[in-house]
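See below for the structure under consideration.
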Amino acid sequence: MSNPVFKCLLAAVAAVMLLASAPAFAADQATLPKKKGTKAVEKSGWKLDLDLLVPSDSMTPVMVGVGAQRRVWKGLDLRLEVADGVRNTVTFIPMFAGGRYEFLKRKEFALFGEGGVELNYGVLNSQSASKLGLGLGGGADYNFSNQFYATGSVRFHTSTLAVYVNNTKYAATSPASILIGLGYRF
C-alpha cells in the first residue's frame, strides 16, 4: 500500500536535487570561483542530525531517529543511524551503518550517494525478530551556515521485516523511505 506523504516528499527531494545540480550543467566546475565559506563546510568533522523517517508503506510507522557522521576522506563520511517507531503495538528499531559520498558541492548545497548495512529490529510483547540487509540511496544537504544544515535523502532497503498476526500482516518495515533531518556540524 502506497503512502501519499511519501510520494509528496519524494517529489520534493527530487526537485531539490535537480535545483542543486543545475549549475553543474551550466558551467565547468573547474572554472567556478570558490565561494566564501565552502572550505569550512568541506573540512568539518562531526555532523549530528535529528531525523524524521517517512516510509513508502502505510503499514510502517513514521519514525524519529538520530544520525551521526564523520568526515574520513575528501567528500566521504562514515554514518551511523538509529530510529524508533511504533505501529499497532509493534516497536521497530532500524539501524544503519555505512557511508555518504558528496559528489557535487556548493556553498549552500551538497548532493550525495549513500550505502550501508541495515539491521531491522522489531518487538511485539515479549517476542522479537531482526533482519539484516542493505540500504542504498542518495539525497542532498542544504547548509544554512557553516554549522547548521538540513538533510534529505531517499533510501531503498533490500530486506524488510514483517509481523503477522493470525496470518494477516500486522506491521512491517517498508522497502523505501525518505529521511528528513536538521543537523549541526562541528
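Numbering-wise (the numbering used here), the sequence shown opens with residue 2 and increments by one.
Beta carbons are placed, not taken as given, at the ideal position from N, Cα and C, and that holds for glycine.
Here the structure is a predicted model, which is why all the values come from computation and not from measurement.
Cβ-based neighbour list, residue i, same chain, cut-off 6 Å, excluding 5 preceding and 5 following
i    : result
T92  : V124
A31  : For A31, the predicted structure reports a pLDDT of 45, less than 50, and the residue's modelled location is therefore unreliable. The matter cannot be settled from this model.
P62  : G86, V87 and R88
E103 : G76, A111 and F113
W47  : R71 and F187
Sequence-distant residues of the same chain with beta carbon closer than 8 Å to residue i, five excluded per side
i    : result
L135 : G116, G117, V118, E119, H158, T159 and S160
V67  : L49, D50, L51, D52, E82, V83 and A84
Residue i - partner residues in DSSP beta bridges
i    : result
S131 : Y122
K106 : A111
V87  : T92
V55  : I179
Q70  : K48 and R80
M60  : Bridge partners of M60: none, in fact.
N144 : Y150
F157 : L137 and A177
Close Cβ partners of residue i (< 7 Å) along its chain, the five nearest in sequence each way excluded
i    : result
A199 : The chain is shown only over 2 to 187; residue 199 falls outside these bounds and no answer can be derived.
L79  : Q70, R71, V73 and G100
G1   : An answer regarding residue 1 cannot be provided, because it is not within the stretch 2 to 187 covered by the chain.
A98  : L81, G117 and V118
Nearest residue (CA-CA) to residue i, options the options
i    : options                 : result
M64  : V155, R72 and L54       : L54
T90  : A98, Y171 and F187      : Y171
G76  : R88, I94 and K106       : K106
L133 : I94, W47, Y185 and R186 : I94
A111 : Y143, N126, F97 and M96 : Y143
V166 : N126, Y102 and L183     : N126
F145 : G182, F113 and N168     : G182
Residue-chain proximity (residue i, chain D), Cβ-Cβ < 9 Å
i    : result
S127 : The structure shown has no chain D; it contains just one protein chain.
DSSP three-state assignment for residue i, whether helix, strand or coil
i   : result
L33 : Here the model assigns L33 a pLDDT of 45, short of 50, so the residue's position is not dependable, and the following value carries that caveat. If DSSP states are grouped into helix, strand and coil, L33 belongs with coil.
Proximity test, residue i beta-carbon vs the ligand MN heavy atom, cut-off 8 Å
i    : result
G136 : With respect to small molecules bound, the structure shown includes none, and the ligand MN cannot be examined in it.
**Prompt:** Is the number of C-beta pairs between the stretch 173-180 and the stretch 55-72 that are closer than 8 Å three or more?
**Reply:** yes
**Prompt:** Okay, do the stretch 163-176 and the stretch 135-151 touch, 3+ Cβ pairs below 8 Å being the bar?
**Reply:** no
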